[in-house]
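Protein chains in written order, with the working numbering: chain D, 1 to 112; chain W, 113 to 223. Glycine included, every Cβ here is placed at the ideal spot set by N, Cα and C. Remember, predicted model here, so these are calculated numbers, not experimental data. The block underneath contains the structure these notes are about, expressed in structure tokens.
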């Protein structure tokens with residue numbers, strides 16, 4: 001069965017370190033997204049991609065970057081982790097621009 | 113900027129009672145989506161509404177899109193403990209098609 005997987009499920013890192021969160025989908029979806037979820041803020045869009053080599057900034061993109069070298073993967077990199085980036089991160093994919101999203105199980109990141 | 117308000121923020125109900133959450137937009141929407149997130153889980157897509165005044169049902173869940181396409185509601189009849197979770201509406205961002213999520217309504221059902 002097709003799926004979308006995120007790794008790791010939990011990560012603790014130190015302030016200033018570079019961290020990469022993985023997202024891999026086998027749905028063959030063109031559209032992929034990264035959200036962070038914090039209490040009181042709901043789900044906020046970090047970056048998104050509509051296809052290979054396409055990346056776009058969301059509403060909270062500062063301090064984050066993504067790259068899309070193939071259809072399946074959209075890794076999210078925190079260039080220099082900060083305590084404000086402690087959050088739960090969700091990756092999602094969708095077949096088209098007006099389609100429902102399929103979410104991964106999330107990565108809980110703690111920056112100490 | 114575009115705003116998506118979702119009310120109530122929390123709702124506690126006795127099992128068997130009905131529940132409704134509302135989503136209101138400051139702009140006219142092309143469509144609206146609803147998601148459910150169980151505690152500790154990830155959002156799961158429930159449904160998309162596109163037409164003005166559209167009503168769709170999924171078992172005990174009834175989804176409605178307003179006539180002016182600026183608001184929507186999710187109604188659960190006779191809640192069960194399995195309905196526990198946070199319900200989010202999501203709308204396309206103005207002039208783009210990125211989804212903006214509402215802040216969610218957290219439902220707690222007491223047996």
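Residue i, buried or exposed, once every other Cβ within 10 Å from all chains shown has been counted against 16
i: residue 148 of chain W; result: buried
i: residue 29 of chain D; result: buried
i: residue 140 of chain W; result: exposed
i: residue 110 of chain W; result: Any question about residue 110 of chain W goes unanswered here, given that chain W covers just 113 to 223.
i: residue 145 of chain W; result: buried
i: residue 102 of chain D; result: buried
i: residue 120 of chain W; result: exposed
i: residue 10 of chain D; result: exposed
i: residue 2 of chain D; result: exposed
i: residue 150 of chain W; result: exposed
i: residue 51 of chain D; result: exposed
i: residue 8 of chain D; result: exposed
i: residue 85 of chain D; result: buried
i: residue 154 of chain W; result: buried
Reference residue i, options the options, closest by Cα
i: residue 43 of chain D; options: D:33, D:52, D:51; result: D:33
i: residue 117 of chain W; options: W:125, W:221, W:138, W:205; result: W:138
i: residue 109 of chain D; options: D:38, D:3, D:58, D:27; result: D:38
i: residue 96 of chain D; options: D:59, D:1, D:18, D:27; result: D:27
i: residue 53 of chain D; options: D:71, D:45, D:98; result: D:71
i: residue 158 of chain W; options: W:170, W:143, W:164; result: W:170
i: residue 122 of chain W; options: D:40, D:18, D:99; result: D:40
i: residue 161 of chain W; options: W:206, W:151, W:197, W:175; result: W:175
i: residue 142 of chain W; options: W:210, W:173, W:124; result: W:210
i: residue 35 of chain D; options: D:59, D:25, D:17; result: D:59
i: residue 179 of chain W; options: W:212, W:163, W:205; result: W:163
Own chain residues within Cβ distance below 8 Å of residue i, not counting five before or after
i: residue 112 of chain D; result: 12, 13, 14, 15, 83
i: residue 127 of chain W; result: 191, 192, 193, 221, 222, 223
Close beta carbons around residue i, own chain, < 6 Å, minus the five adjacent residues each side
i: residue 74 of chain D; result: 23, 32, 49, 66, 68
i: residue 166 of chain W; result: 177
i: residue 56 of chain D; result: 48
i: residue 19 of chain D; result: 13, 78, 81
i: residue 218 of chain W; result: 122, 198
Beta-carbon contacts of residue i that lie in its chain and below 7 Å, excluding the five residues immediately before and after
i: residue 17 of chain D; result: 81
i: residue 87 of chain D; result: 36, 37, 38, 109
Touching or not, the stretch 192-201 of chain W and the stretch 123-142 of chain W, by the rule of three or more beta carbon pairs under 8 Å? The answer is yes - the stretch 123-142 of chain W touches the stretch 192-201 of chain W, with three or more Cβ pairs under 8 Å.
Is there contact here, the stretch 187-194 of chain W with the stretch 91-109 of chain D, by at least three beta-carbon pairs under 8 Å? Under the three-pair Cβ rule at 8 Å, the stretch 187-194 of chain W does not count as touching the stretch 91-109 of chain D.
Counting only runs of 3+ residues fully inside the stretch 3-29 of chain D, write out the beta strand (DSSP E) ranges in chain order. Fully enclosed beta strand (DSSP E) runs of 3 or longer: 4-7, 10-13, 19-25.
Taking only runs of the beta strand (DSSP E) that begin and end inside the stretch 131-192 of chain W, which ones reach a length of at least 3 residues, in chain order? Counting only runs of at least 3 residues, the stretch 131-192 of chain W fully encloses the following beta strand (DSSP E) elements, listed from N- to C-terminal order: 131-137, 144-149, 155-161, 167-170, 173-177, 183-188.
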